[in-house]
Every structure is written in C-alpha cells, then in structure tokens.
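See structure below.
Number of protein chains: 2
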Amino acid sequence: MSIEAAAPRRTTRIQQEKREKILEAALDVFSANGFRGATIDQIAEAAGMSKPNLLYYFRGKEDMHTTLMVRLLETWLAPLRELDDVGDPVTELRSYIRKKLEMSRDFPRESRLFANEILQGAPRIKELLEGELRSLVDEKANIIKSWMRAGKIARTDPWHLIFAIWATTQHYADFDVQVRSVLGPDRGGDGRFEDAARFLEQLFIDGLKPGK
Amino acid sequence: MSIEAAAPRRTTRIQQEKREKILEAALDVFSANGFRGATIDQIAEAAGMSKPNLLYYFRGKEDMHTTLMVRLLETWLAPLRELDDVGDPVTELRSYIRKKLEMSRDFPRESRLFANEILQGAPRIKELLEGELRSLVDEKANIIKSWMRAGKIARTDPWHLIFAIWATTQHYADFDVQVRSVLGPDRGGDGRFEDAARFLEQLFIDGLKPGK
DNA sequence: CTAACGTTTGTCCAATTGGTCAAAAAATGC
DNA sequence: GCATTTTTTGACCAATTGGACAAACGTTAG
Chain S
5 MSIEAAAPRR TTRIQQEKRE KILEAALDVF SANGFRGATI DQIAEAAGMS
55 KPNLLYYFRG KEDMHTTLMV RLLETWLAPL RELDDVGDPV TELRSYIRKK
105 LEMSRDFPRE SRLFANEILQ GAPRIKELLE GELRSLVDEK ANIIKSWMRA
155 GKIARTDPWH LIFAIWATTQ HYADFDVQVR SVLGPDRGGD GRFEDAARFL
205 EQLFIDGLKP GK
Chain B
5 MSIEAAAPRR TTRIQQEKRE KILEAALDVF SANGFRGATI DQIAEAAGMS
55 KPNLLYYFRG KEDMHTTLMV RLLETWLAPL RELDDVGDPV TELRSYIRKK
105 LEMSRDFPRE SRLFANEILQ GAPRIKELLE GELRSLVDEK ANIIKSWMRA
155 GKIARTDPWH LIFAIWATTQ HYADFDVQVR SVLGPDRGGD GRFEDAARFL
205 EQLFIDGLKP GK
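Keeping their order, the protein sequence lines are chains S and B. Using this note's numbering, you'd call the opening residue of the first sequence number 5 and step up by one each time. Using this note's numbering, you'd call the opening residue of the second sequence number 5 and step up by one each time.
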C-alpha cells in the first residue's frame with residue numbers, strides 16, 4: 005500500500021472509449037424511442053457489447069440518459085451563447101438562425117432526444133430549464149431588447165422571438181418524418197434544408213429589419 | 005332466427021359512453037407518456053374501470069391508440085381545411101394562425117399525442133401523412149401560391165410557411181414545460197398565449213403584407 | 001510464473017406489462 | 001319471473017425488461 009490516500013482510479017483510455025461508444029449507441033436508441041421506449045438490450049446491441057457489460061460502465065439506464073442529457077445540453081445551447089452584444093444585430097440573428105438550422109440537419113438525434121424529454125414534461129432536466137436555461141435566455145433577450153431600443157431591429161417580444169426560432173428550426177429535426185411526407189420524394193430530399201434556410205431568412209430577417 | 009342476415013349489433017348508448025370515457029383517459033395517458041410509456045393499467049385507472057374491462061371495448065393498446073389518432077387527426081387538420089380560396093388572404097392566414105394557437109392552448113394533449121407519434125417516426129400514421137395530409141397541404145399551398153401570384157401577399161415558399169406556422173403554434177403545447185420554465189412564474193402564466201398571439205401576428209402577418 | 005486487478009459474460013431474478021379466460025354480475029327481452 | 005345476452009372482474013399467463021452476481025477471462029506488474 006502506498007503512502008498516498010487511495011487515489012480515485014484514473015479513467016483509462018479504454019474506459020473512455022467504451023463509455024463513448026455506449027453513449028453513442030444510447031443516443032441512437034433514446035432519440036429514436038424515447039426513454040421508456042428504449043431498452044438496455046437495444047443499446048447494448050447497438051454498442052456491440054453485452055448488457056452486463058454496459059452496466060459495468062453505467063449504473064443504469066437512467067445514468068446513461070442523464071449523462072447524455074447534461075453533456076448535450078451544452079452543445080445544444082452553444083449557438084445561443086454565442087449571440088453577441090457587440091456584433092451587428094441582423095448579422096447576429098441571421099447567424100444564430102442558420103446555426104440552429106444546421107444543428108437540426110447535422111444533429112437530429114440530439115434534437116429529438118431533447119424533444120422527447122421536454123414532451124414528457126422534462127422530469128429529468130426541469131431544474132436545468134428553470135435555472136441555467138432561463139437565465140441564459142433572459143440574458144440574450146435583454147441583448148435583443150437593447151438592439152430594439154437602439155432602433156437596430158424592429159420591436160417585438162424577444163422571448164417569443166427566441167421560441168419561434170427554436171420551434172421553426174428544430175421542427176426540421178423533430179418532425180422530420182412529417183416534413184418529408186408532406187414535401188414528397190421530390191422536394192423532400194436533401195434540398196429541403198436550403199429551402200428552409202431561405203424561407204427562415206426571409207421570415208425572420210426581413211421581418212426584423214428596422215423601420216418596418 | 006330472423007329472416008334478415010345477422011345485422012351488425014347496434015352500439016348501445018352505454019357502449020358509446022364507455023368507449024368515450026376510455027378514449028378520454030387514453031388521451032391523457034398517451035399524451036403524457038407516449039405510446040410505449042403508457043400502460044393499459046394507467047388508462048384503466050384513469051378511466052375508472054378494470055383492465056379486462058377496457059379490453060372488452062378495445063382489442064388492445066394499439067387499437068385505442070389508432071382510434072384516438074385517426075379521430076383526432078380530423079380535428080387537428082380542421083383549421084387548415086378551412087383556409088379558403090375566396091376570402092381575403094391576410095385575413096385567412098391570420099385566422100388560421102390564431103386557430104392553431106388556440107388549439108395549442110385548448111387541446112395541448114392532442115398536440116402532444118401527435119408530436120409523440122411523429123417524433124417516433126410516425127410508425128402508425130405514416131401512410132396518412134404521405135397521403136391525406138400531403139394532398140391537403142399541397143392543395144392549400146397552391147391556394148397560397150395563387151395569392152402570391154396575384155400580389156396579395158409577399159412571395160415565399162408556401163410549404164415552409166405552413167411548417168413554420170405549425171412549428172411556432174404547436175410549440176406552445178408540445179414544449180409547454182420549457183416555455184413556462186423560460187418565461188418564469190411571472191410571464192409564464194395564462195397571459196403567455198396572448199403574448200404569443202401578438203408576436204406571431206407581427207411575425208407572420210406583417211411579414212407577409214404585400215409589397216415588402 | 002503468479003498475484004492482483006480490470007473487464008466480460010452467462011445465468012438468474014423480480015417487477016412490470018399486454019393480454020386471456022372463465023365465471024360472476026347486470027341488464028334486457030319476453 | 002326467467003332465459004338470454006351484455007358487461008364486469010378476479011385470477012392467471014407469458015413475454016419483456018432492468019438489474020444483480022459470481023464466475024471466467026484478460027492484462028499487467030513484480
């Protein structure tokens with residue numbers, strides 16, 4: 005026994021990799037089936053390992069889910085965090101909307117994971133919403149308000165503006181099946197995101213140009 | 005035995021009432037927990053009857069769900085169906101948006117039921133989306149297009165316009181927890197729907213006024 | 001080589017859950 | 001009142017599922 009107190013075991017490279025692989029599989033399964041719809045067996049199979057082996061790396065299903073959730077929330081809110089006081093308001097907002105839409109295109113699983121959670125009443129991240137998220141949105145809403153006061157963009161409700169941006173952009177990930185179904189095989193292909201980008205730009209940016 | 009062929013048994017008043025009661029309970033449970041998250045026992049308890057009794061009126065969980073789904077789809081699409089060729093375009097769209105928002109306020113369970121289904125890939129109503137819904141949207145999109153050609157409203161993509169209206173209005177039902185959390189106790193009360201109505205009116209209607 | 005430790009798995013278990021069934025209880029027709 | 005039909009329920013079942021565990025396996029340091 006060494007002199008030092010029992011140091012918490014360093015996580016080895018192999019442990020890290022396994023945990024990553026599991027989380028990747030869990031994201032797949034949770035986002036496609038929701039928390040209750042997902043089974044540990046499904047995740048295990050998707051990760052290419054046995055169920056007891058998963059439970060060696062995570063305490064349980066709940067553990068995987070919250071780990072995913074907390075980690076992804078950061079990525080998810082990054083674009084909003086970047087909304088910057090000093091930039092040109094219209095440019096900032098345009099860039100925010102584009103980033104959000106790109107996230108729906110590139111990370112639809114993450115979007116659906118959150119959508120699932122919120123739909124079920126956000127039992128596992130309610131505090132985060134009321135705390136961290138709320139203050140972040142308040143902060144950014146105030147920035148937007150200051151832009152309005154300065155006459156840089158049209159006056160409107162910043163909170164609902166943010167909701168509208170969330171709703172319209174995430175719609176293309178969360179309601180993907182519906183979007184594709186309605187657009188049909190022709191218009192529903194890869195081009196739909198460019199069409200959406202053009203539309204949203206017109207809707208939000210043109211509508212927000214100052215002086216009507 | 006009578007001369008007539010075995011007539012399909014008339015559904016009695018009591019049967020109708022029980023089925024209604026069950027569907028009401030099922031809507032509660034399905035919308036709050038999703039299909040897989042809902043249990044027959046929960047529905048039975050919510051309906052105030054025993055599980056085997058439920059299964060006397062419905063063949064199974066799936067049966068309740070599809071019955072709900074098909075029935076509610078009509079209600080859900082009613083506002084869009086009413087979008088009328090002959091009315092004033094701006095009035096028509098304003099009225100559509102208002103109705104959709106009111107539905108989110110008055111029928112949040114229905115909204116969440118659909119959201120849940122779509123999120124999971126719409127396994128049970130995919131054909132409906134690709135058939136009935138698609139042709140309805142196409143029809144209305146063409147009406148909107150004709151308005152644009154006539155210079156009555158600004159030019160934009162009608163399909164994505166419809167998506168944006170769906171997304172923004174249903175957001176207030178599907179993401180209710182998040183909306184409330186972000187707005188906080190003060191702004192998140194009953195008034196949030198009026199604020200939303202004002203905002204959406206400005207966003208969509210002002211933005212669509214013809215001639216920029 | 002071997003002891004110690006980290007990793008993996010087969011097996012098992014208890015709880016949950018969708019659904020069945022036969023028998024009891026109501027309701028209905030005569 | 002009585003026979004028939006409809007409605008309700010208690011008991012039961014098989015499948016699924018989250019999780020526990022000890023034994024087996026691999027790896028590494030001495």
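Glycine included, each C-beta is placed from N, C-alpha and C at the ideal position. In this text the structure is predicted, and so the values were computed from the model without any measurement.
Along the chain, where does the alpha helix (DSSP H) containing residue i start, and where does it finish?
i               : result
V181 of chain B : 180-191
S150 of chain B : 138-153
Q20 of chain B  : 17-41
R113 of chain S : 112-123
Report the neighbours of residue i on chain S: residues whose CB is nearer than 7 angstroms to its CB, in chain order.
i               : result
E134 of chain B : S185
T172 of chain B : A168, A171, T172
L119 of chain B : Strictly speaking, residue 119 of chain B in this sequence is Ala, with Leu absent from that position. Chain S residues near A119 of chain B: L123.
Shortest alpha-carbon distance to residue i belongs to which of the options?
i               : options                        : result
I148 of chain S : S:K130, S:I129, S:H164, S:D180 : S:H164
I44 of chain B  : B:A36, B:A30, B:L77            : B:A30
F203 of chain S : B:V186, B:D161, B:F203         : B:D161
F118 of chain S : S:Y61, S:T71, S:L187, S:F197   : S:T71
T28 of chain S  : S:M53, S:D92, S:G41            : Looking at the sequence provided, one finds Glu at residue 28 of chain S rather than Thr. Out of S:M53, S:D92, S:G41, S:M53 has the C-alpha closest to the C-alpha of E28 of chain S.
I157 of chain B : S:G135, S:L207, S:E143         : S:L207
I166 of chain B : B:Q182, B:R85, B:R184          : B:R85
L137 of chain B : S:L187, S:T172, S:D89          : S:L187
E66 of chain S  : S:E121, S:K25, S:E106          : S:E121
R23 of chain B  : B:D110, B:L59, B:A126          : B:L59
S115 of chain B : B:N146, B:K25, B:R40, B:H175   : B:H175
I26 of chain S  : S:N37, S:F34, S:R17, S:A48     : S:A48
D180 of chain S : S:I209, S:E134, S:P112         : S:P112
Can you tell me whether residue i is helix, strand or coil according to DSSP?
i               : result
V90 of chain B  : coil
K156 of chain S : coil
F203 of chain B : helix
M53 of chain S  : coil
G135 of chain S : helix
F197 of chain S : helix
R102 of chain S : helix
I129 of chain B : coil
F208 of chain S : helix
D161 of chain S : coil
F167 of chain B : helix
P12 of chain S  : Residue confidence is low: P12 of chain S scores 37 on pLDDT, short of 50, so the model does not pin down where it sits. Its coordinate-derived value is still stated next. Reduced to three states, the DSSP call for P12 of chain S is coil.
R85 of chain B  : helix
R63 of chain B  : coil
Could you tell me which chain B residues have their CB closer than 8 angstroms to the CB of residue i, listed as they occur along the chain?
i              : result
V74 of chain S : None at all; the shortest Cβ gap to chain B is about 16 angstroms.
N37 of chain S : R40, Q124
Please confirm if residue i has its CB atom under 8 angstroms from at least one CB of chain S.
i               : result
G195 of chain B : no
R40 of chain B  : yes
G125 of chain B : yes
T160 of chain B : yes
G188 of chain B : yes
Determine, using beta carbons only, whether residue i comes closer than 8 angstroms to chain B.
i               : result
K130 of chain S : yes
L207 of chain S : yes
D141 of chain S : It is worth fixing the name first, because residue 141 of chain S is Val in this sequence and not Asp. Yes, contact with chain B.
R91 of chain S  : Note that residue 91 of chain S corresponds to Gly in the displayed sequence, not to Arg. Not one chain B Cβ lies under 8 angstroms of G91 of chain S.
D210 of chain S : yes
R102 of chain S : no
R138 of chain S : yes
Can you pull the chain B residues whose beta carbon is under 7 angstroms from the beta carbon of residue i, in chain order?
i               : result
G155 of chain S : Chain B residues near G155 of chain S: none, gap ~17 angstroms exceeds 7 angstroms.
Output, in chain order, the set of chain S residues within a Cβ distance shorter than 8 angstroms of residue i.
i               : result
I122 of chain B : D178, F179, V181, Q182
L97 of chain B  : Within 8 angstroms Cβ-Cβ: nothing; L97 of chain B doesn't reach chain S, min ~13 angstroms.
H69 of chain B  : Per Cβ cutoff of 8 angstroms: no residues; H69 of chain B is ~13 angstroms from chain S at best.
R116 of chain B : L123
Residue i touches chain S at which residues, Cβ-Cβ below 9 angstroms?
i               : result
L165 of chain B : F203, L207
What in chain B is Cβ-close to residue i, meaning under 9 angstroms?
i               : result
D199 of chain S : D161, W163, H164
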